[in-house]
């Protein structure tokens, strides 16, 4: 994959997992986890913004004005997950693959790309800590181990096609911008 | 779930001040959650997490006798000063 495509895939992943994880705001298992999980979700969207800004003049347009088929996120992040075991399993799997990708980008010949990757990595260190802590705690919980098995195939899923759940996400995510095309916010 | 008291240092060298608490099953979760609640906006240089049961609380301070002379503010001098002033004025008259 060329670096630009890699960066777009990264930004789309971060935007969509941030969006999905933010669905837990207000309903996470404990208040402390609610605050932490929402904060991590917001960080991911911040990473997406940093990379979109690198790729386009208008980061918002790149983030929200594309058709569903133009996104390049992994099917793993698109899934709408309604239980905590699956949500933590996804975070855990996501952080594992994200780490390899960020480490590659940190070695980029482009100093701007390498710099952004290093910045992202400094925050991801805490996301990994959070994911690993939960994975360790739920290690012997069958609902968690089953969720890991179920979700693992999505990690290397096809980025060129969208899962059925993406349509609804896209519709909601872009509805405000579509309601006022060309508006200055 | 155990409660961890969170103390926050705003700048290097400053005293730690109580910031609040987190309910967490162990110190690792307490750290992760406290980082997000008390450190994500750059508002902390460092945090101390203390299990509440490790805190030795002291709340009982009997003051059965008048021990005001031991306090930094001491006895109120206002009344005595005015008496002394009157006495001094009477003497010069």
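Residue numbers (this note's numbering), protein chains in the order written: chain X, 3 to 187; chain G, 647 to 739.
Glycine included, every Cβ here is placed at the ideal spot set by N, Cα and C.
Since this is a predicted model, take the numbers as computed values, not measurements.
Quiz item: Tell me, which residues are paired with residue 668 of chain G by DSSP?
Solution: G:650
Quiz item: Looking only at its own chain, which residues have a Cβ that is under 8 Å from the Cβ of residue 145 of chain X, when we skip the five neighbours before and after it?
Solution: 85 and 87
Practice problem: Consider the Cβ of residue 27 of chain X: report whether some Cβ of chain G lies at a distance smaller than 8 Å. | Solution: no
Quiz prompt | Where residue 694 of chain G meets chain X, residues with beta-carbon distance less than 8 Å | solution = Ordered by position in chain X, no residue passes the 8 Å Cβ test against residue 694 of chain G, which lies about 17 Å from the chain.
Quiz item: Any idea what DSSP makes of residue 660 of chain G, helix, strand or coil?
Solution: coil
Quiz item: What do you get for residue 187 of chain X, buried or exposed, if any count of 16 or more other CB atoms within 10 angstroms of its CB means buried?
Solution: exposed
Quiz item: Quick one, which residues of the region 652 to 686 of chain G are near chain X if we go by CB-CB under 7 Å, in chain order?
Solution: 668, 669, 670, 674, 675, 678, 679, 681, 682, 683 and 686
Practice problem: Determine contact between the region 58 to 76 of chain X and the region 103 to 118 of chain X, defined as no fewer than three beta-carbon pairs at a distance below 8 Å. | Solution: no
Quiz item: Relative to the alpha-carbon of residue 122 of chain X, which residue among X:167, X:12, X:37 and X:61 has its alpha-carbon at the smallest distance?
Solution: X:12
Quiz item: Within the 8 Å Cβ cut-off, does residue 49 of chain X reach chain G?
Solution: no
Quiz prompt | Exposure of residue 132 of chain X, with buried meaning 16 or more beta-carbon neighbours within 10 Å | solution = buried
Exercise. Find the residues of chain G that neighbour residue 18 of chain X, judging by a C-beta separation of less than 7 Å, and give them in chain order.
Key: Per Cβ cutoff of 7 Å: no residues; residue 18 of chain X is ~21 Å from chain G at best.
Practice problem: Within the same chain, show all residues whose beta-carbon is closer than 7 Å to that of residue 168 of chain X, passing over the 5 residues directly before and after it, in chain order. | Solution: 70 and 80
Practice problem: Express the C-alpha separation of residue 654 of chain G and residue 689 of chain G in angstroms, rounding to a whole number. | Solution: 9 Å
Quiz item: On the three-state DSSP scale, how would you describe residue 694 of chain G?
Solution: strand
Quiz item: Hey, how far is the Cα of residue 728 of chain G from the Cα of residue 694 of chain G?
Solution: 50 Å
Practice problem: Please confirm whether residue 650 of chain G and residue 696 of chain G have their CB atoms less than 8 Å apart. | Solution: yes
Self-check item: Nearest to residue 63 of chain X (by Cα), restricted to the options X:8, X:14 and X:125
Solution: X:14
Quiz item: Beta-carbon of residue 88 of chain X versus every beta-carbon of chain G: anything under 8 Å?
Solution: no
Exercise. Give the residues of chain G in contact with residue 94 of chain X, contact being defined as C-beta atoms less than 7 Å apart.
Key: Correct list: empty, because the minimum Cβ distance to chain G is about 14 Å.
Quiz item: Cα separation between residue 5 of chain X and residue 54 of chain X?
Solution: 13 Å
Practice problem: Report all residues from its chain with a CB closer than 8 Å to the CB of residue 67 of chain X; omit the five preceding and five following residues, and keep chain order. | Solution: 176 and 179
Quiz item: Mind checking whether residue 153 of chain X and residue 103 of chain X have CB atoms under 8 Å apart?
Solution: no
Practice problem: For residue 23 of chain X, count neighbouring Cβ atoms within 10 angstroms of its own Cβ and tell me buried if that reaches 16, exposed if not. | Solution: buried
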